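Novice: So the sequence lines, in the order shown, correspond to chains A and B.
Sequential numbering of the first sequence, starting at 1, is according to our numbering.
Sequential numbering of the second sequence, starting at 1, is according to our numbering.
Virtual Cβ for every residue (Gly too), placed ideally from N, Cα, C.
Just so we're clear, the structure is a prediction, and the values are computed from it rather than from any experiment.
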Amino acid sequence: MNQSLEERIEQLKPKNAAKKMNLFGRMLVDNREMSLWEHDTKTLSWGVRRWRRKALKFAREHIRPLAPKADLDPHGYDPRPLLSAAARNGFQTLLLVPPLGTASILPFFRSTVLQVAVVGEEFATECGGLALLLLAHNLGMAPLLLSGSLRTIIGQMIPFYLKSYILGRPDCMAFAITEPGAGSDVEETEGGAQAKLVTTAKYVPEKKGYILNGRKCFISDGGIASQVTVYAKLENEGIESWTCFLVKKGTPGFEVGRLERKMGQRAADAAELIFDNVFVPEKNIVGRLRSGWANNRNVLNYSRPVVGAMALGHGRGAFERCLEFCRKTYLGPRRLIEYQDVQLELADMAISLWAARSMIWHSCKQFRGYQSGSAAAKVFASDTAYKVCNQAMELMGDHGYLHANGVERAWRDSRLTQIYEGTNQINRLALIEHHLSTDFS
Amino acid sequence: MEKESYTPGLCAEDLAHYRDLAVQYARKSLLPIFDGEFSDGNLSLLPEKLKAAFEAGIAATPDPSLPGHEYGIWGKAVDAQGFVPSIVLLSTIAQTCGGVAMCLHAQGVASNVLASASGRLPFAPRTVGLALQEGFCPPFWGTIHSPDIDAPARITTVAEKRHDQYIINGTKSFVYSMNDVDAYVVFALSGDEWGCFLVNSRAQGIEKKDVGVRTGLRACLVEHVTFNNVEVPLEARIDENGARDLVIRALILNWVGMSAIAVGIAHGAVAAARKYASERYQGGKQIEELPAIKMLIAGAEAFAATAEKMALSLSDDDLYSLKKLKESAAAKSTVMDLCARAVTDCLQSFGGYGYMEDYGMEKRLRDVSVLKSASGSTTYLKQLIFDLEKEAAK
Chain A
1 MNQSLEERIE QLKPKNAAKK MNLFGRMLVD NREMSLWEHD TKTLSWGVRR WRRKALKFAR
61 EHIRPLAPKA DLDPHGYDPR PLLSAAARNG FQTLLLVPPL GTASILPFFR STVLQVAVVG
121 EEFATECGGL ALLLLAHNLG MAPLLLSGSL RTIIGQMIPF YLKSYILGRP DCMAFAITEP
181 GAGSDVEETE GGAQAKLVTT AKYVPEKKGY ILNGRKCFIS DGGIASQVTV YAKLENEGIE
241 SWTCFLVKKG TPGFEVGRLE RKMGQRAADA AELIFDNVFV PEKNIVGRLR SGWANNRNVL
301 NYSRPVVGAM ALGHGRGAFE RCLEFCRKTY LGPRRLIEYQ DVQLELADMA ISLWAARSMI
361 WHSCKQFRGY QSGSAAAKVF ASDTAYKVCN QAMELMGDHG YLHANGVERA WRDSRLTQIY
421 EGTNQINRLA LIEHHLSTDF S
Chain B
1 MEKESYTPGL CAEDLAHYRD LAVQYARKSL LPIFDGEFSD GNLSLLPEKL KAAFEAGIAA
61 TPDPSLPGHE YGIWGKAVDA QGFVPSIVLL STIAQTCGGV AMCLHAQGVA SNVLASASGR
121 LPFAPRTVGL ALQEGFCPPF WGTIHSPDID APARITTVAE KRHDQYIING TKSFVYSMND
181 VDAYVVFALS GDEWGCFLVN SRAQGIEKKD VGVRTGLRAC LVEHVTFNNV EVPLEARIDE
241 NGARDLVIRA LILNWVGMSA IAVGIAHGAV AAARKYASER YQGGKQIEEL PAIKMLIAGA
301 EAFAATAEKM ALSLSDDDLY SLKKLKESAA AKSTVMDLCA RAVTDCLQSF GGYGYMEDYG
361 MEKRLRDVSV LKSASGSTTY LKQLIFDLEK EAAK
């Protein structure tokens, strides 16, 4: 007992204490020194693991250096090199497997969106706006895949994918459902039934196509997308007739209107799209006529876990930058990270993020998007991310609100994830709706 | 609300006068800042708007010739009239702009410290900034008690007495003020005790560095101020036997005022959300009929009302006491949390429009989040609250 307190503490650490166990006992103790990130990565299948590592590297090399400028001056940077680099690295073609897309084959057939979600977290960790810039493309592309129409997939989706991956073209798609008078309405059933929609498609038999009129708003990537999946009701019909149309940039009458000024995720635009007698040929109908509502709802089932993953990334970005601040900042003779109250707060943040990641990955563990699971993951992850960002800002005191430290950017970015892809209130109702006859009747 | 119960020295008419004064100022001077597409208002108009605050007697100042000296925000009359007039002024102005309220508040706290100093001022500046904080946090109790020990962090700004002057060295961080102030009220270690100095902002050796792009409260300047061998005359020291009491007073006023601003921002958010909910139609009906919207706004209103009660309930008997310091720290911590929740819930009721700059909701959220983190966030205030309780029990 002549040892110092430090020596005794050292001996009592689990790793050293385990040395007193017999061989089999020691084998049952996991004392590997591994980061949280590495530990989680190892729980993934080989193919998803590969994408997670690749996305981390890409985000640090391509997104991190661009993030502060893109946030401060969203109209003053060129997004094309980033889009092109992402395309060449296969990040823009993850909704199909080789040779047509780039998703790892086996994991894709177990979970269509897990790979996108994993990539989304890594991108959003570095910058919410640039992550949205890259990932909104998948949202625009999803209606083509989920339409289930071979005509659409072969005629529209595959050519786009091949040009993207092989040529590295900086093109992207956008998804347009929201209208100025109908935001949340188009994301839930009861609202949909009462929605006052203005975007209308009128059939023109002599031209074998439709004339689109109306407006969409808050469309992510709407300003830069080369093609947009637009939902419109048929003339003199209600939302039941909603049909998805593929509209190409440059089509006469199709214009980008106002670019919104947002609190966060500023590197990606939120555009108003104006359709003034835009002619869309029949071949550009995505899936079947009047299947748009079902298609839209299913797209949301697939996209919500990805939005949750992006939110998780915002929270993780704030956490990582806050952790770095606590490592290098001294309060008196000690670094912040050495104070127990700071450690408690950091641990709480890490636990919250871990829980959110577990929920997202769990919600992705099936081939088809599951309404309640997707909605729940999105709500939990976005609320958690916002909470963690707040904790990070508070832990850094006055430094938390300085743009240079990157935490306030993550905080602003995270707030949007509680709103888009259906507000968190709408998503809660989506869970109830899904299990109304089984659990909540 | 019956505010008379908190203000024994004031009648209802007095309070109505203060509120009316702030409403008029906000309406006539501040609203025009928000004409046009500026997320934080057209800040180039700010100097003339702040000038109007001095003319109206809203902004306090050490200069006795100006009307705000006595009855402006944290003016000399605080000792006679208490917190409530300043809380009313700040929260009413913050309903329109939290940043301008913060400007006036920072000016007021620094002026009040000067007004309560025992010594005679070597000169009477019109605008002042308070330089107390170092590093990323205001002092903890141990440091307030003894600025020269690491409890947990000693004060590194030092005022050394040499012959007929003091030489000040060190850096103060996150100094909130109006633009281009005339002087700083600087707290520094002098010997083994706190000293408080009035320093001309144009004195040789002072370097100011803007902290850069910030989340919110952008109408208010925030700087790091470095003092490199700044020479000040002996009479620039405004305390007589140590400035610990002034440190406590400054912290109390700062936290109470920031709480008042947060309350104002929350009330502004609630009013805006109610208005939007009554005007916005979706699916053929007003969104205020939706239970989700009702829950969000009603919850926010409850948070804002509770926060206001808490801020107003702070009695103002002794601005140098540890009890008051603890109360104000607890109020800052709790009020910020309540107000931030109120604002974020109100923003949520706007849906996507709340996140855009057009309706001013995102500005409110940014402003209140800065207030939460600034000058002592909850994590660090908890330490202080605990230590003060322990100290009071001794």
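(1) Residue 210/B bridges to which residues according to DSSP?
(2) So that I know if they touch, is there some Cβ in chain B lying closer than 8 angstroms to that of residue 65/A?
(3) Using the Cβ count rule (16 or more neighbours within 10 Å means buried), how would you classify residue 24/A?
(4) With distances taken Cα to Cα, identify the nearest neighbour of residue 130/B among 27/B, 148/B, 201/B, 287/B.
(5) Taking 8 angstroms as the threshold (C-beta atoms), are residue 383/A and residue 424/A in contact?
(6) At which residue ranges does the segment 182-232 of chain A contain complete alpha helix (DSSP H) runs of 4 or more residues, listed in the order of the chain?
(7) With a threshold of 8 angstroms, are at least 3 pairs of Cβ atoms found where one atom belongs to the segment 52-67 of chain B and the other to the segment 32-41 of chain B?
(8) Just curious, the alpha helix (DSSP H) that residue 160/B is in, first and last residue?
(9) Starting from the C-beta of residue 69/A, find all residues in its chain whose C-beta is less than 8 angstroms away, skip the five residues before and the five after it, and write them out in chain order.
(10) Tell me whether residue 257/A sits in a helix, a strand or coil according to DSSP, three-state version.
(11) Where residue 165/A and residue 227/A are concerned, what is the direct C-alpha to C-alpha distance, given to the nearest angstrom?
(12) For a cutoff of 8 angstroms on Cβ pairs, would you count residue 416/A as touching chain B?
(13) Could you pull the start and end residues of the alpha helix (DSSP H) that residue 172/B belongs to?
(14) Output, in chain order, the set of chain B residues within a Cβ distance shorter than 7 angstroms of residue 129/A.
(15) Taking 8 angstroms as the threshold (beta carbon to beta carbon), is residue 323/A in contact with chain B?
(16) Find out if the Cβ-Cβ distance for the pair residue 311/A, residue 417/A is shorter than 8 angstroms.
(17) Residue 134/B bridges to which residues according to DSSP?
(18) So which residues of chain B does residue 470/A contact, with C-beta pairs closer than 8 angstroms?
(19) With H, G and I counted as helix, E and B as strand and the rest as coil, what does DSSP make of residue 235/A?
(20) Closest to residue 123/B by CA distance: which of 179/B, 65/B, 155/B is it?
(21) I'd like the span of the beta strand (DSSP E) that includes residue 372/B, first residue to last.
(22) Between residue 180/A and residue 217/A, how many whole angstroms is the CB-CB distance? I'm expecting something under 8 angstroms.
(23) Hey, how far is the Cα of residue 136/A from the Cα of residue 222/A?
(24) If you check the beta carbons only, do residue 314/A and residue 389/A fall under 8 angstroms apart?
(25) Pull up the CB-CB distance for residue 92/B and residue 151/B, whole angstroms please, since I reckon it's below 8 angstroms.
(26) Beta-carbon separation of residue 457/A and residue 318/A under 8 angstroms?
(27) Please check if any C-beta of chain B sits within less than 8 angstroms of the C-beta of residue 140/A.
(28) Looking at C-alpha atoms only, which residue of 309/B, 305/B, 208/B is the closest neighbour of residue 268/B?
(29) Per DSSP, residue 190/B is paired with what?
(30) Going by beta-carbon coordinates alone, are residue 352/B and residue 420/A separated by less than 8 angstroms?
(31) Does the beta carbon of residue 383/B come closer than 8 angstroms to any beta carbon on chain A?
(32) Could you check whether the Cβ of residue 218/A sits closer than 8 angstroms to any Cβ belonging to chain B?
(33) If you draw a straight line from the C-alpha of residue 220/B to the C-alpha of residue 403/A, how long is it?
(34) Is any heavy atom in the ligand MG found nearer than 7 angstroms to the beta carbon of residue 264/B?
(35) Within the chosen definition, does the segment 253-265 of chain B reach the segment 103-118 of chain B through at least 3 CB pairs nearer than 8 angstroms?
(36) Excluding the five sequence neighbours on either side, which residues of its own chain have a C-beta within less than 8 angstroms of the C-beta of residue 86/A, listed in chain order?
Specialist: The structure says:
(1) 223/B
(2) no
(3) exposed
(4) 201/B
(5) yes
(6) 189-194
(7) no
(8) Not the alpha helix (DSSP H): residue 160/B falls in the beta strand (DSSP E), residues 158-162.
(9) 76, 77
(10) strand
(11) 17 angstroms
(12) yes
(13) Where residue 172/B is concerned, there is no enclosing alpha helix (DSSP H), although the beta strand (DSSP E) it sits in stretches over 165-177.
(14) In chain order: nothing, as chain B lies at least about 13 angstroms away.
(15) no
(16) yes
(17) 137/B
(18) What the structure shows of chain A is the stretch from 1 to 441, and residue 470/A is not part of that stretch, so it cannot be assessed.
(19) coil
(20) 65/B
(21) It is not in any beta strand (DSSP E) - residue 372/B instead sits in the alpha helix (DSSP H) that spans 361-373.
(22) 5 angstroms
(23) 9 angstroms
(24) yes
(25) With a Cβ gap of about 39 angstroms, residue 92/B and residue 151/B do not count as contacting.
(26) Because chain A is modelled from 1 through 441, residue 457/A falls outside the range shown and cannot be assessed.
(27) no
(28) 305/B
(29) 193/B
(30) yes
(31) yes
(32) yes
(33) 16 angstroms
(34) With respect to small molecules bound, the structure shown includes none, and the ligand MG cannot be examined in it.
(35) yes
(36) 58, 62, 92, 134
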